[in-house]
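Sequences listed follow chains G and F, in order. Under numbering that gives the first Met the number 0, the residue at position 9 of the first sequence is numbered 8, and the numbers go up by one with no gaps. Under numbering that gives the first Met the number 0, the residue at position 108 of the second sequence is numbered 107, and the numbers go up by one with no gaps. From the three backbone atoms N, C-alpha and C, an ideal C-beta is built for every residue, glycine too.
There are 2 protein chains.
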Amino acid sequence: MKIGVLGTGTVGRVIGARLAELGHDVTIGTRNVEALVARTEPDSMGNEPFAAWKQGKERIGLGTFAEAAAAGKLVVNATNGAGSLEALRAAGEENLDGKVLIDIANPLDVSGGMPPSLYVSNTDSLGEQIQLAFPTAKVVKTLNTVNAFVMADPSIVAEGEHTVFVSGNDELAKAQVAELLRSFGWRHIIDLGDITTARGPEMYLPLWIRLWGALGRGTFNVSVVR
Amino acid sequence: MKIGVLGTGTVGRVIGARLAELGHDVTIGTRNVEALVARTEPDSMGNEPFAAWKQGKERIGLGTFAEAAAAGKLVVNATNGAGSLEALRAAGEENLDGKVLIDIANPLDVSGGMPPSLYVSNTDSLGEQIQLAFPTAKVVKTLNTVNAFVMADPSIVAEGEHTVFVSGNDELAKAQVAELLRSFGWRHIIDLGDITTARGPEMYLPLWIRLWGALGRGTFNVSVVR
């Protein structure tokens, strides 16, 4: 499938590479293509320059947010949560119209220092804000409860025996996303309900952050057990 | 051990009975003892009247919040989160002084309808508010991520193979609480850190609520897996 992945940080790279590996036709989108490929220093998170990462991955396309969204029949929001709405506006409502939009971002607010808080929570969520801003897109919130490497390959934690959540208003869109998740290796997918249920997995992030600290590693997850 | 349990709803009853079963000397505390024992109708949650529940449990004492807190060497806050600070003020700072105070309440706000939101979250938590209001108590947040029956007997879910969290500033207090949790059957206890980490498990509640809806049952939990 043709998939646009918005975001060139760790999440965009790992998800984009995984989708390409699975045979999808991936275009990664960024704000400013020239500035991105010209960079020769690691980014603020210590990631290697995008151009270096991109070497040997000629099958993965690169374009603006709008070009990547237009290229995809399905679009993944893998941008930093703080800039997601702006990135999606740059992608353009017309390029998201009628498409499944997988939102894997978290509304982290680092302005108060570490650990981050959330800039929207409790009675609203980033997933809902995106659905409200792009009413003709079919927003499905998922994967935001694990780090990028676990998102793309759940088998690296507990042999894949753990849980991922989906929230969204469109049942067919959620079914399509669940199929994509299964192709990544996800076996335990819980449909929480409509997009308002995105508040749950987004508000889980503060617990994830403390677990990351307590466990000293980012490759973990929760398994819902009965 | 002498333990005061504040709260006569499901959580207070189940935890109180479990502690008594384990041989502890339990006093349950309530706002108004006379009003409580005079009630002959089920409460708003459909629980049988307290007096009927209490029959055959003569070993469990009953008193005011202050009497129960005074009686305990360790105190459990099992009140409704919305009324926890008021209940603890009624219990009295002098009756909590130097004691381990286990906070298992959630700051649920049902004023906006269902599902509830949280009346404190993100940059603060009920656990922190209690520690701030009662600086000489040793507050340990725990058990708020599961329902009352799972709290008291984790073996009813997945043979006890799931996780509970503790947050608190006092290491010895957390060790004592962990021992109590192990006596309930908890085998997987993760120490998240100081009392500010209570934001994590409290903000997990909105996910718990959606999982309750999706699973159609309250007897479940998460297992943290690596």
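With a Cβ-Cβ cutoff of 8 Å, do residue i and residue j count as a contact?
i	j	result
I194/F	G167/F	yes
G259/G	I208/F	With chain G covering only 0 through 225, there is no way to say anything about residue 259/G.
L73/F	I27/F	no
A90/G	A65/G	yes
L210/G	V223/F	yes
D108/G	P114/G	no
E57/G	P48/G	no
What's the C-alpha gap between residue i and residue j?
i	j	result
I129/F	V138/F	7 Å
V25/G	A147/G	17 Å
K173/F	L180/F	10 Å
R88/F	T29/F	12 Å
N143/F	A81/F	14 Å
A19/G	S182/F	50 Å
S110/F	T122/G	12 Å
A177/F	L95/F	20 Å
G217/F	V13/F	15 Å
E85/F	L131/F	14 Å
Q175/F	V221/G	26 Å
S154/G	E160/F	20 Å
V156/G	A157/F	19 Å
G112/G	A69/F	40 Å
N79/F	H23/G	51 Å
R38/F	L214/F	34 Å
G6/G	L5/F	50 Å
R185/G	V165/G	For the record, residue 185/G in the displayed sequence is Trp; it is not Arg. Going by the C-alpha atoms only, they are around 12 Å apart.
W52/F	R17/F	14 Å
V75/F	I2/F	7 Å
F133/F	N46/G	45 Å
F219/F	V145/G	20 Å
E93/G	M0/G	19 Å
T162/F	L21/G	34 Å
M150/G	N105/G	14 Å
D152/F	D42/G	48 Å
S83/F	L206/F	22 Å
R225/F	G212/G	14 Å
For residue i, go through chain F and note every residue whose CB falls closer than 9 Å to its CB, in chain order.
i	result
F219/G	V223, V224, R225
R216/G	R225
Below 8 Å on the Cβ atoms is my guess for residue i versus residue j; work out the distance and round it to an integer in Å.
i	j	result
T63/G	V36/G	Their Cβ separation, rounded to whole angstroms, is 12 Å, which puts T63/G and V36/G out of contact at 8 Å.
A77/F	I103/F	6 Å
I101/G	T141/G	6 Å
L204/F	L117/F	7 Å
K98/F	G55/F	That pair is no contact at about 29 Å.
G8/G	M44/G	7 Å
S120/G	E201/G	6 Å
E127/G	A197/G	6 Å
Name, please, each residue of chain G whose Cβ falls closer than 9 Å to the Cβ of residue i.
i	result
V156/F	V224, R225
Starting from the beta carbon of residue i, find every residue of chain F whose beta carbon is closer than 7 Å, and list them in chain order.
i	result
S120/G	S120, N121
L196/G	As written in the sequence, residue 196/G is Thr, which differs from the Leu given in the question. Under the 7 Å cutoff, chain F gives R209.
How about residue i: is its Cβ closer than 7 Å to a heavy atom in the ligand SAH?
i	result
K53/G	With respect to the ligand SAH, the structure offers nothing, as it holds no ligand at all.
Strictly below 8 Å CB to CB, what residues from chain G border residue i?
i	result
G192/F	R209, G212, A213
P153/F	Ordered by position in chain G, no residue passes the 8 Å Cβ test against P153/F, which lies about 10 Å from the chain.
Residues of chain G with CB closer than 7 Å to the CB of residue i, please, in chain order.
i	result
S116/F	N121, T122
L206/F	G199, P200, M202, Y203
I want to verify the contact list: residues of chain F whose CB lies under 8 Å from the CB of residue i, in sequence order.
i	result
I111/G	Per the sequence shown, residue 111/G should be read as Gly rather than Ile. In chain order: T122.
I188/G	In chain order: nothing, as chain F lies at least about 11 Å away.
E160/G	V224
Can you list the alpha helix (DSSP H) stretches of 4 or more residues lying completely in the region 39–115 of chain G, in chain order? For the region 39–115 of chain G, whole alpha helix (DSSP H) runs of length 4 or above, ordered along the chain, are 49–53, 64–70, 83–90, 92–95.
Could you give the uninterrupted runs of the alpha helix (DSSP H) lying entirely in the region 154–222 of chain F, keeping only those of 4 residues or more? Counting only runs of 4 or more, we get 170–183, 198–202, 204–214.
Please go through the region 121–157 of chain G and give each complete alpha helix (DSSP H) segment of 4 or more residues, from N-terminal end onward. Complete alpha helix (DSSP H) runs here, min 4: 125–132, 147–151.
Residue ranges of each beta strand (DSSP E) within the region 1–44 of chain F, 3 or longer: Runs found: 1–5, 24–29.
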